[in-house]
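**Q**
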Amino acid sequence: MYKITETTEVDIIINKDNINTFTHAHMPDGEYYIKVWMDNVDLGSSSLAYSSLGTLSGVMLDEMYITVKGSMYDD
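This note's numbering puts the first residue of the sequence shown at 803, with every later residue one more than the last.
#1: Starting from residue 840, trace the beta strand (DSSP E) in both directions and tell me its first and last residue.
#2: Tell me which residue opens and which closes the beta strand (DSSP E) that residue 812 is part of.
#3: Are the beta-carbon atoms belonging to residue 845 and residue 863 less than 9 Å from one another?
#4: Taking residue 870 and residue 825 to be in contact with their CB atoms under 8 Å, please state how far apart those CB atoms are, rounded to whole angstroms.
#5: Could you round the C-beta distance between residue 836 and residue 868 to whole angstroms and report it? I think they count as a contact, below 8 Å.
#6: According to DSSP, is residue 874 helix, strand or coil?
Spelled out as structure tokens, the structure:
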């Protein structure tokens, strides 16, 4: 009997060209803590063969502080 383990590497690139992005127009200036993650994925309710995998556990991708200064009305 063999156990086969597969690993997949996924690159998620956000704003690679560093384009200005905007928050809510009335968001106060300041430093904000944000987290990025993938939630659990329930494959068990599927009718396909991979339903035997059950629920895949989510993973934390990144956490960081961002600084908000001004709003889109300042441009």
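Just so you know, even glycine gets a beta-carbon here, dropped at the ideal spot from N, CA and C.
**A** Reading from the atomic positions:
#1: Translated into the one-based positions of the sequence shown, residue 840 becomes position 38. Unbroken beta strand (DSSP E) run through residue 840: 832-840.
#2: To locate residue 812, count along the sequence shown from 1; it is residue 10. Under the DSSP assignment, residue 812 falls outside any beta strand (DSSP E); it carries neither an H nor an E label.
#3: Translated into the one-based positions of the sequence shown, residue 845 becomes position 43. Translated into the one-based positions of the sequence shown, residue 863 becomes position 61. Cβ distance not < 9 Å, so residue 845 and residue 863 don't count as in contact.
#4: Along the sequence shown, read from residue 1 onward, the residue named residue 870 stands at position 68. Along the sequence shown, read from residue 1 onward, the residue named residue 825 stands at position 23. So it is a contact: roughly 6 Å between Cβ atoms.
#5: As a position in the sequence shown, residue 836 is number 34, starting the count at 1. As a position in the sequence shown, residue 868 is number 66, starting the count at 1. That pair is a contact at about 6 Å.
#6: Here residue 874 corresponds to residue number 72 of the sequence shown, with the count starting at 1. In the structure shown, residue 874 sits in a helix (DSSP, three-state: H, G or I).
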